[in-house]
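First up is the structure itself, then whatever we jot down about it.
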Amino acid sequence: KTANNLLIVDYWERGTKPEKPCLANGWIDPEEIKDFNVTVLVSHEHQDHFDPVIWEWRETIPNIRYVLGMEAQGQEDYDFIQPRTKLKYDNLEITAFESNDSGVGFVIDVDGVTIFHPGDHANETRDFSGMYWPEIEYVKENFSDIDIAMMPIRGCGLPDVESVRLGVIRTLKELQPKVFLPMHSGDDGFQYHNFNENLIEEGINNTKLYYPLDKGDRFTYKKGKLK
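Residue numbers for the sequence shown follow my numbering, so the first one is 449 and each next one is one higher.
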């Protein structure tokens, strides 16, 4: 949630739905957000990044738009964004880059904040051969001041864990985001904690490191830090 926008990226419903779903427990109740300007982004079609329930929200939320990195069968009211293109809306600009897994990753400029969310784009090889690094270089060439970076560290479909780790380290050193949040390891705060501890050992000291413990955890970004 920014000054004028609410962004929802790669939402999917996993586990037992609580009696009262809400942002505070990691679920979307469209009634709770119906008065916001909502943009729903989907990087690709994998079930852990795309849940068809998102289409139901437009029945409740009048100011909602959808931006997809893939074409959605049977749906018309959305914007399809291709790699290395931009979409602009008022105080929101979305840039896509090609994912080496499926679909795209995003760099989002919104209300003065720049967010890097690569979807399932993760390094696959320990020598950095392949298409992972050229897309990171594309991001570097176009964005010199990233506020918040989120990157996958493991999980379904991701390649060799060590290659992924090396990719995160090199990417953080290259992009120099102000803060970093690991993702794509479920609700495993233990894994996120250990991953961030290793980043410190690897010399990541210009980027402040954070991680969630539970679904629905909330951070506030201000002056290069999360609280």
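Don't be surprised by glycine CBs; every beta carbon is placed ideally from N, CA and C.
Just so you know, these numbers come straight off a predicted model, no measurement behind them.
Quiz item: Beta-carbon separation of Asp458 and Ser491 under 8 Å?
Solution: The Cβ atoms of Asp458 and Ser491 sit closer than 8 Å to each other.
Practice problem: May I have a chain-ordered list of the beta strand (DSSP E) segments no shorter than 3 residues that lie completely inside the region 480–560? | Solution: Taking only runs of at least 3 residues, the beta strand (DSSP E) segments lying wholly in the region 480–560 are 486–490, 512–516, 534–537, 540–546, 552–558.
Quiz item: With respect to the beta strand (DSSP E) encompassing Phe667, which residues constitute its N-terminal and C-terminal limits?
Solution: Phe667 -> no beta strand (DSSP E), and no H or E assigned at all.
Quiz item: Looking at C-beta atoms only, is the number of pairs between the region 550–563 and the region 612–623 that lie closer than 8 Å three or more?
Solution: Because the criterion of three Cβ pairs below 8 Å is not met, the region 550–563 and the region 612–623 do not touch.
Quiz item: For Tyr640, which residues of its own chain have a beta-carbon under 6 Å away from its beta-carbon, when the five flanking residues on both sides are left out?
Solution: Hits under 6 Å: Pro630, Tyr659.
Quiz item: Grouping DSSP H, G and I as helix and E and B as strand, with all else coil, what is Pro600?
Solution: For Pro600, the secondary structure class from DSSP, reduced to helix, strand or coil, is strand.
Quiz item: With respect to the alpha helix (DSSP H) encompassing Pro582, which residues constitute its N-terminal and C-terminal limits?
Solution: Residues 580–590.
Quiz item: So, Asp593 versus Tyr669, is the Cβ gap smaller than 8 Å?
Solution: No, the Cβ-Cβ distance between Asp593 and Tyr669 is not below 8 Å.
Practice problem: Determine the burial state of Gly567: buried for a count of at least 16 other Cβ atoms within 10 Å of its Cβ, exposed for fewer. | Solution: Counting other Cβ atoms within 10 Å of its Cβ, Gly567 reaches 16 or more and is therefore classed as buried.
Self-check item: Limits of the unbroken beta strand (DSSP E) element including Phe576
Solution: Segment: none, Phe576 is in no beta strand (DSSP E) and carries neither H nor E.
Exercise. Check each candidate in Asn642, Phe498, Thr543, Asn539 and name the one with the smallest Cα separation from Ile529.
Key: Check the Cα spacing between Ile529 and each of Asn642, Phe498, Thr543, Asn539: the tightest is with Thr543.
Quiz item: What residues in its chain sit with their C-beta under 7 Å from that of Gly474, if we drop five residues either side in the sequence?
Solution: Excluding sequence neighbours, Gly474 sits near Lys663, Gly664.
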